[in-house]
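**Student:**
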Amino acid sequence: MEKIKVIDSKLIEHKNETYIYRLLTEFNEMILKISENDIEKESLIKYIKCPFYLILNKSVDKTIDENDYFEVSTCESTIDLECKSTCQVNLR
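Every letter in the sequence shown is one number past the one before it in our numbering, and letter 68, counting from 1, is 68.
1) Could you say which of Asp80, Ser77, Tyr47, Glu42 lies nearest to Asp65 if we only look at CA atoms?
2) Taking the straight line between their C-alpha atoms, what separation do you get for Glu76 and Tyr53?
3) Starting from the C-beta of Lys49, find all residues in its chain whose C-beta is less than 8 Å away, skip the five residues before and the five after it, and write them out in chain order.
4) Sorted by chain position, which residues of the same chain lie with C-beta nearer than 6 Å to Glu26's C-beta, five sequence neighbours on each side aside?
5) Does the Cβ of Ser59 have 16 or more other Cβ atoms within 10 Å, making it buried, or fewer, making it exposed?
6) For Asp8, does the three-state DSSP call read helix, strand or coil?
7) Do Asp68 and Leu56 have their C-beta atoms closer together than 8 Å?
8) Checking the sheet assignment: what are the DSSP bridge partners for Val72?
Below is the structure:
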C-alpha cells in the first residue's frame with residue numbers, strides 16, 4: 001500500500017467521460033483520473049480541502065487510473081490506522 005499526501009488538487013480536464021485532476025504531492029505532481037460514473041470518488045476529490053491523504057493498494061509513479069482503488073482522508077492518523085488494519089504495515 002502507498003500513502004500520498006496531497007497538497008493541492010485541481011480539475012484540469014473533463015473528456016471522454018473522465019475527470020482528470022492534477023495533484024501536487026509532497027514529492028511530485030501526479031495525475032488522477034476518475035470516471036464520471038464514479039460519483040463518490042469525484043465528489044470526494046472535488047470537495048475535500050487540501051491537504052488530504054490518499055491510500056492506494058499499489059505503488060504509482062505519475063498516474064492514478066480510473067480503475068485504481070484508493071481511499072481519502074483529511075487525517076493522517078485515519079490513513080495510518082486503515083493501513084495497519086488492512087496490511088499490518090505502518091507507512092511512516
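The beta carbon of each residue, even a glycine, is placed where N, CA and C say it ideally should be.
**Tutor:** On the basis of the coordinates in this document:
1) Among Asp80, Ser77, Tyr47, Glu42, the Cα nearest to that of Asp65 belongs to Glu42.
2) Taking the straight line joining both Cα atoms gives about 7 Å.
3) So the qualifying residues of the chain are Thr74.
4) Once the five neighbours on either side are set aside, the close Cβ partners of Glu26 are Lys5.
5) Under this definition Ser59 is an exposed residue.
6) Under the three-state reduction of DSSP, Asp8 is assigned to strand.
7) Between Asp68 and Leu56, the gap from beta carbon to beta carbon is short of 8 Å.
8) Paired residues: Leu54.
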